[in-house]
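Numbering (my numbering), first residue to last: 915 to 1380.
Where a beta carbon is used, it is the ideal one built from N, C-alpha and C, also for glycine.
It should be emphasised that the depicted structure is a prediction, and the values quoted were computed from it without experimental measurement.
Okay, structure coming up:
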């Protein structure tokens, strides 16, 4: 009987070891996974390219203050015949002509009714909105990374628990068969042990399948398959109260900021459209050279400089209609900004409550695990003296396994809730979480293109530095 008790204790110790296995010295951390996703996730790459495209709106708007220079040329061929009836035969005129013209025009805007200034404001607001959207996508990628990471951590722990459970039940079944041979237990006890082992093998197969699915999800987000993952510490920047979470979500969620900048851009568009009703003044210079090569090679050149004033008198209602549409667009975007704020607040409240609920469940489940361990130990001792059956011990082992699996799953739920809360507050970013990766500097491209007036690479097919 003492050997049997030793065997029971050994099985319980093996089961208790499973939860400690996921943490190893060589394990990958969440911050490392976030760094890999930040550097290579295609969603982030696409959004950064979108931001660089949006940056181009600023030099396009600035071009309204800059001069334009145009060269035009033409050349032709003609045959000229002239008959003079009063002249003697043979005095008809016939000559070939090759006329050519070369013209160079420079145009400098002097006044455009504040249209350029308004378009520049709109372009800058759109850049700010797209920067906020880039932060939103960054948070979404990090949220997906955190969820995928914790899914793998959870499933690795569950697989180890189920594998350990199968090993324990194999030994339990073998012990039952040995006892059956000497008449200590009945055939029913052996059948119960066989049934529990078959169930454990099925649960192990299910857990292994779920782990492979989670590994595939991790690879999609991070870009590579996971190794051994280490359960992460709590995130930085989480609030102490629900009110603080709501306030941060209302003011700092990137979707709220993006919608607000979109509204400002639409108002700037309305101002730019209104400027189309105002006069424009351009300074225009022309240099023209003509040649009429024929019987007489005539050449002449002229140069002019003039101020051209254009005053719109009637625009058929098009401009005023477009301005009304732009104002209504701004009104719509103002409502969108308020909706985004409410959504962010809702997300913060939901995440806060989920986090609090997970922490409370985790405390209760930890108590359940400790109680289940004590109960299993007591049942094993009672089974040794014949006051409990093998089925009672098997039930207690299943209860302990279920409790440990629930602890693992609740830890995953707690971590994901904290990631959702940080994202709702605008704090799930590489900068706030101190992800060990060079941060993307969105000002580099902006500063480069803002003052770039001539880019041969863009015209003749050259590349662009990111």
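Judged by their CB atoms, residue 1023 and residue 1194 are nearer to each other than the 9 angstroms cut-off. DSSP links residue 1203 through a beta bridge to 1016 and 1215.
Judged by their CB atoms, residue 1322 and residue 1080 are not nearer to each other than the 9 angstroms cut-off. The beta carbon of residue 1013 is closer than 6 angstroms to those of 990 and 1206 in its chain, skipping five residues each way along the sequence. Burial state of residue 1227 is exposed, judged by a 10 Å Cβ sphere holding fewer than 16 other Cβ atoms.
Residue 1180 and residue 1245 have their C-alpha atoms roughly 9 angstroms apart. By the Cβ-count criterion, residue 993 is exposed, with fewer than 16 other Cβ atoms from all chains shown falling within 10 Å of its own Cβ. Residues 1186 and 1189 of the same chain have their beta carbon placed closer than 6 angstroms to that of residue 1029, with the five preceding and five following residues left out of the count. When the beta-carbon positions are compared, residue 1048 and residue 1360 stay at least 9 angstroms from each other. Residue pairing for residue 1254: DSSP places it in no beta bridge. Closest in alpha carbon position to residue 1054, among 1142, 1290 and 955, is 955. Residue 1349 and residue 1146 have their C-alpha atoms some 13 angstroms from each other. By the Cβ neighbour-count rule, residue 1110 is buried, with 16 or more other Cβ atoms within 10 Å of its own. Residue 1044 is a Cβ neighbour of residue 964, given a cutoff of 9 angstroms. The Cβ-Cβ distance between residue 1342 and residue 1083 does not fall below 9 angstroms. Residue 981 is classed as exposed because its beta carbon has fewer than 16 other beta carbons within 10 Å across all chains shown. Assignment of residue 955 by DSSP, reduced to helix, strand and coil, places it in the coil class.
The alpha-carbon of residue 1086 is positioned some 28 angstroms away from that of residue 1067. DSSP places residue 1036 within a helical segment (H, G or I) once states are collapsed to three. Taking the C-beta atoms as reference points, residue 1329 is found no nearer than 9 angstroms to residue 1143.
Contact between residue 1133 and residue 1139 holds, since their C-beta atoms are separated by about 5 angstroms, short of 8 angstroms.
Selection 1063, 1340, 1253 and 974 evaluated against residue 944 yields 1063 as nearest (Cα-Cα).
If the five residues before and after residue 1332 are omitted, its C-beta is found closer than 7 angstroms to the C-beta atoms of 1148, 1149, 1152 and 1269, all from its own chain and listed in chain order. Between the segment 1218 to 1232 and the segment 1262 to 1278, the count of Cβ pairs shorter than 8 angstroms is below three; the stretches do not touch. Residues 1053 and 1057 of the same chain have their beta carbon placed closer than 7 angstroms to that of residue 1337, with the five preceding and five following residues left out of the count.
By the CB criterion at 9 angstroms, residue 1010 and residue 1192 fall outside the cutoff. Boundaries cannot be given for residue 1365, as no alpha helix (DSSP H) includes it and DSSP labels it neither H nor E.
Taking a cut-off of 8 angstroms on C-beta distances, the segment 1309 to 1328 touches the segment 1278 to 1297, as three or more cross pairs fall below it. Residue state for residue 1148 is assigned as coil, using DSSP reduced to three classes. Under a 10 Å Cβ-count criterion, residue 1174 is classified as buried, with 16 or more other Cβ atoms of the shown protein chains found around its own Cβ. Within its own chain, the residues whose Cβ lies closer than 7 angstroms to the Cβ of residue 1166, once the five positions on either side in sequence are excluded, are 1339 and 1340, listed in chain order. Taking all protein chains in view, the Cβ of residue 1352 is surrounded by fewer than 16 other Cβ atoms within 10 Å, so the residue is classified as exposed. Between the alpha carbons of residue 1325 and residue 953 lies a distance of about 28 angstroms.
Annotation: residue 1214 to residue 1042 spans about 54 angstroms, alpha carbon to alpha carbon. For residue 983, there is no enclosing alpha helix (DSSP H); the enclosing beta strand (DSSP E) covers residues 982 to 989.
With contacts defined as CB atoms closer than 9 angstroms, residue 951 and residue 1135 qualify as a contacting pair.
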